[in-house]
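Colleague:
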Amino acid sequence: MAQYTRVSGVVGLITLQNPPVNALSAVVRQGIVDKVETALSDPKVKSVVICGQNGNFCGGADIKEFGTKMFGPPLIPMIHSIEAANKPVVAAIEGSALGGGLELALGCHYRIAHSKARLGLPEVTLGLLPAAGGSQRLPRLIGVPAALNLITTGRHVTAAEALQLGIVDQVTDHNTVDAAVKFALSVAGRSLDARRISTYPCPRPSDLDALFEEVMQKVRQSARGAIAPVACVQAVRAAATLPYTQGMEREKELMATLFTSGQARAMQYIFFAQRAVGRWRMPSGASWDTSKPRPVTKAAVIGLGTMGRGIAVALARAGLSVVAVETQEKQLLEAKQAMSSMLERGAKRRGGVPALGLISYSQSIQAAADVDLVIEAVFEDMALKIEVFKQLTAVCKPGTLLCTNTSGLDVDQLASETPNPELVVGMHFFAPAHVMNLLEVVYGPRSSPQAVATAMQLGKKMGKASVAVGNCSGFVGNRMLKLYLEQASFLLEEGATPELVDRALEEFGFPMGVFRMSDLSGLDVGWRVRKAAGLAEPGEASGPSARIRKGYRYSPIGDLVCEQGRFGQKTGRGWYQYEKPGSRVARSDPWMHSFLEQYRARHGLVARSIDHQEVLERCLYSLINEGFRILEDGIAAGPEDIDVIYVFGYGWPRHRGGPMFYASMVGLAKVLERLEHYHQAHPDVPNLQPCSLLRRLVASGSPPVHMWREVRKKLHSQL
Ligand SMILES: CCCCCCCCCCCCC[C@H](O)CC(=O)SCCNC(=O)CCNC(=O)[C@H](O)C(C)(C)COP(=O)(O)OP(=O)(O)OC[C@H]1O[C@@H](n2cnc3c(N)ncnc32)[C@H](O)[C@@H]1OP(=O)(O)O
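FYI, the numbering for the sequence shown is 2 to 720, going by the working numbering.
1) Excluding the five sequence neighbours on either side, which residues of its own chain have a C-beta within less than 6 angstroms of the C-beta of P294, listed in chain order?
2) Can P123 and E104 be called in contact, C-beta distance under 7 angstroms?
3) Are the stretch 413 to 422 and the stretch 348 to 362 touching by the rule of at least three beta carbon pairs closer than 8 angstroms?
4) For a test of your reading of the model: does the CB of E124 fall under 6 angstroms from any non-hydrogen atom of ligand 1? Yes or no.
5) Of all the options G311, V326, S187, which has the alpha carbon lying nearest to the alpha carbon of V436?
6) Looking at L440 and L424, is the spacing between their C-beta atoms short of 7 angstroms?
7) Please confirm whether any heavy atom of ligand 1 lies closer than 6 angstroms to the CB of D63.
8) Given a cut-off of 7 angstroms on the beta-carbon distance, is the pair R655 and Y663 in contact?
9) Take K253 and list the residues in its own chain whose beta-carbon comes closer than 7 angstroms to its own, dropping the five residues that flank it on each side.
10) What's the C-alpha gap between G475 and F431?
11) Would you report the Cα separation of V297 and V372, rounded to the nearest angstrom?
12) Assuming V29 and M2 make a contact with CB atoms under 8 angstroms, what is their CB distance in whole Å?
13) Smallest Cα separation from W289: which of F380, P450, K551?
14) Whole beta strand (DSSP E) runs in the stretch 161 to 210 with 3 or more residues, listed along the chain?
15) Any heavy atom of ligand 1 within a distance shorter than 6 angstroms of the CB on R574?
16) Grab the span of the alpha helix (DSSP H) containing C404 for me, first residue to last.
17) According to the Cβ coordinates, are E327 and L344 closer than 7 angstroms?
18) Whose CA, out of R710, A181, M661, lies closest to the CA of Y270?
19) For Y553, count neighbouring C-beta atoms within 10 Å of its own C-beta (all shown protein chains included) and say buried if the count is 16 or more, exposed if not.
20) What are the boundary residues of the alpha helix (DSSP H) that includes Q681?
21) Give the C-beta separation of A106 and A98 to the nearest angstrom, bearing in mind that I take them to be a contact with Cβ-Cβ under 8 angstroms.
22) Quick one, which of E615, G573, R696 has its alpha-carbon nearest F491's?
23) Which value, in whole angstroms, describes the spacing of the CA atoms of S665 and R548?
24) With the cut-off set at 7 angstroms, would you say V323 and A336 are in Cβ contact?
25) Can we say the stretch 29 to 38 touches the stretch 79 to 99, given the rule of at least three CB pairs closer than 8 angstroms?
26) Determine the burial state of A602: buried for a count of at least 16 other Cβ atoms within 10 Å of its Cβ, exposed for fewer.
27) Run through the DSSP bridge pairs and tell me what H553 is partnered with.
28) Under the rule that 16 or more other beta-carbon atoms within 10 Å means buried, what is R191, buried or exposed?
29) Along the chain, where does the beta strand (DSSP E) containing G471 start, and where does it finish?
30) For S288, verify whether its CB is less than 6 angstroms away from any heavy atom of ligand 1.
31) How about L606 and E494: do their beta carbons lie closer than 7 angstroms?
32) To which residues of the same chain is R609 closer than 7 angstroms at the C-beta, ignoring the five residues directly before and after it?
33) I'd like the span of the beta strand (DSSP E) that includes I625, first residue to last.
34) Identify which residue in F568, V699, A542, H613 has its Cα closest to the Cα of L506.
35) Please state if the CB of E618 and the CB of R675 are separated by a distance shorter than 7 angstroms.
36) Say yes only if the C-beta of A265 is nearer than 6 angstroms to one or more non-hydrogen atoms of ligand 1, and no if none qualify.
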């Protein structure tokens with residue numbers, strides 16, 4: 002709703018009231034319409050100020066309404082009537098003015114922002130475009146290139162940038178509503194002819210066609226199949242080429258296509274999923290609302306390899322004091338230099354001061370004596386980690402949380418080696434840790450809810466989508482990835498090439514296919530893991546057992562590639578070839594093609610033609626099947642957790658909503674049928690056998706994804 006008061010005798014003050022972000026729900030829209038009418042019809046009122054309750058202007062249209070039948074006054078005429086008003090209307094922007102919130106402000110005649118406010122049109126991140134006139138007014142106000150940038154990226158700008166761009170008229174460090182009221186008093190009675198943005202001609206760059214062609218090309222490339230960014234460009238083009246009313250028609254038309262698309266549904270699902278995973282719950286029943294995190298102001302990072310450096314930088318950026326420990330002097334000096342330049346580059350990009358002073362460096366683990374939390378990031382070796390944990394236990398003050406950054410080692414085993422296993426959790430960061438926005442917080446059966454709460458809160462503070470998951474081999478992300486990689490290797494054996502597999506996955510929307518991605522991360526990492534698991538054997542075995550391990554199909558292709566010293570980009574050769582070690586542009590490698598042919602010949606395999614659909618079904622459905630097993634095992638609390646992990650950490654295209662959401666869109670019955678088909682064709686691949694939760698969901702009518710938890714609960718209660 003909206004509240005109305007009269008201040009300073011002649012200013013009508015309308016306050017949006019819909020906590021926490023004052024989204025423009027039907028009730029709020031009705032409130033605005035009513036209160037604007039009250040203000041305009043009151044002869045004592047000379048000007049109007051619109052603000053939001055609790056220091057937050059408006060987070061935009063109410064996204065929760067989108068999936069439902071919409072009631073209440075529509076936004077567009079509401080904003081038009083504000084713009085058409087014969088008394089000045091001033092927007093007082095504190096907190097955020099996003100999406101429909103900024104569109105409302107653009108309908109006002111003046112905008113005053115607090116210096117800490119953030120403004121933007123992030124609709125594109127929800128699979129939409131700014132469809133309450135934003136795509137038509139913003140280019141008229143700030144020009145086509147700047148509007149294209151804001152609308153196609155959805156980025157939020159600071160008040161300072163908004164002032165520079167001309168989005169706001171004034172920025173204040175003081176009380177924004179007071180400043181807006183003062184401003185409203187000063188403009189009362191002035192002509193508004195030059196203040197109605199919809200009447201402005203859109204500034205047209207001379208090379209309009211070339212500009213749009215170039216932007217469209219860039220946007221299509223980076224959109225990877227997402228339709229909203231393309232529609233955003235089309236809408237801004239309409240602003241630049243059509244009169245306002247026709248532009249609005251075009252905006253509406255484009256929005257109608259997006260609004261009903263599966264992509265918008267997927268992206269809005271991920272928006273809410275990202276927030277839902279913060280409300281974590283452990284199988285014991287402990288949860289976010291009953292577990293209080295401990296305050297963490299000082300943390301230590303042990304081991305300053307690539308991961309440790311990224312973690313320490315991310316901690317410092319979040320404002321924590323960091324003790325960075327590396328026992329090797331040379332490595333410590335190198336790390337210090339690298340971390341300082343990471344912080345400096347980041348500060349330059351974002352604006353601000355590099356947090357260099359927050360990090361202290363030491364060669365001694367003793368330096369961690371007074372920290373609240375330690376993140377150990379030494380080499381991925383259980384014996385070494387146990388040793389480090391022993392030293393930490395002796396050094397750290399009682400109650401210090403001990404976190405291990407591991408991508409797959411048994412967190413519980415490590416915890417059992419310490420006198421206080423309840424203080425141990427895994428924090429699985431993704432490389433580079435100061436860039437990637439995902440964190441898996443891994444709890445073992447003995448991790449205390451408080452330890453989980455603390456790690457989750459720290460992850461949030463570091464700006465990461467943090468997901469609490471149970472302890473198992475590979476946790477959630479890597480456990481599922483294993484199946485995806487396995488199918489990709491089997492496809493090579495059966496006749497595919499790395500290029501074919503990658504093309505199918507990149508057309509699906511991944512930034513990189515599985516083989517290009519493996520070349521980037523380094524093939525030796527997985528090789529080491531397979532050797533440790535007793536899977537990779539030196540040399541190439543022959544005979545029927547050469548491709549069998551522990552009774553099941555195994556592809557040694559990756560191991561053989563590594564035996565050639567081909568570890569990916571870093572060695573200049575992997576699944577592809579590169580100009581030189583460290584180069585990034587992957588080129589087809591004839592060596593690889595003949596290697597694959599010879600391999601098939603040696604194993605009596607006949608190459609067959611494989612199409613993109615089979616690549617997608619085999620790689621993605623096997624991964625999804627493992628996702629269902631993870632849900633069944635209670636390792637992830639719900640499908641949202643898995644989807645957030647995949648979108649934020651593994652490049653799953655956001656417009657497809659994550660693997661579990663995607664499965665629900667494809668249809669669970671279809672996923673089940675295709676898995677059954679492939680399992681019949683490959684009975685020696687147990688992972689293709691559909692898991693029982695998937696069967697149960699299909700048997701219970703394939704409920705939508707938000708109801709899976711209930712079905713799983715029933716399944717568990719019947720066991
Ligand atoms: C037949 C077809 C016809 C087609 C024609 C249809 C025409 C329809 C006309 C529509 C016109 C469109 C108008 C407009 O252009 C569209 C929009 O405005 S879309 C919304 C754009 N806004 C955003 O994307 C902002 C989203 N929010 C945020 O980024 C952040 O929440 C924040 C505002 C920066 C605040 O961040 P935080 O402080 O960290 O808080 P949280 O993020 O945790 O949020 C708290 C809480 O609020 C919920 N929430 C936030 N924003 C919205 C919202 N816009 N609507 C509903 N709910 C919102 C959020 O989910 C949290 O709640 P929780 O999930 O935890 O319960």
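Note that CB positions come from ideal geometry on N, CA and C, so glycine has one too.
Modeller: Answer, in terms of the structure:
1) A454, T455, Q458
2) no
3) no
4) Yes; taking the cut-off as 6 angstroms, the Cβ of E124 has a heavy atom of ligand 1 nearer than that.
5) G311
6) no
7) yes
8) no
9) A132
10) 13 angstroms
11) 8 angstroms
12) 6 angstroms
13) Nearest of F380, P450, K551 to W289, Cα basis: P450.
14) 171 to 173
15) no
16) Element bounds for C404: not the alpha helix (DSSP H) but the beta strand (DSSP E), 402 to 405.
17) no
18) M661
19) Exposed is the call here.
20) 669 to 682
21) 5 angstroms
22) Comparing Cα-Cα distances from F491 to each of E615, G573, R696, the minimum goes to E615.
23) S665 and R548: Cα-Cα distance of roughly 34 angstroms.
24) No.
25) yes
26) exposed
27) For the record, residue 553 in the displayed sequence is Tyr; it is not His. Its beta-bridge partners are R550.
28) So R191 counts as exposed.
29) 466 to 471
30) No, since every heavy atom of ligand 1 falls outside the 6 angstroms radius drawn around the Cβ of S288.
31) At a Cβ-Cβ threshold of 7 angstroms, L606 and E494 count as neighbours.
32) E495, G496
33) Run containing I625: none in the beta strand (DSSP E); it sits in the alpha helix (DSSP H), 613 to 634.
34) Checking every option, the nearest Cα to that of L506 belongs to H613.
35) Cβ atoms of R675 and E618: closer than 7 angstroms.
36) Shortest gap from the CB of A265 to any heavy atom of ligand 1: 6 angstroms or more.
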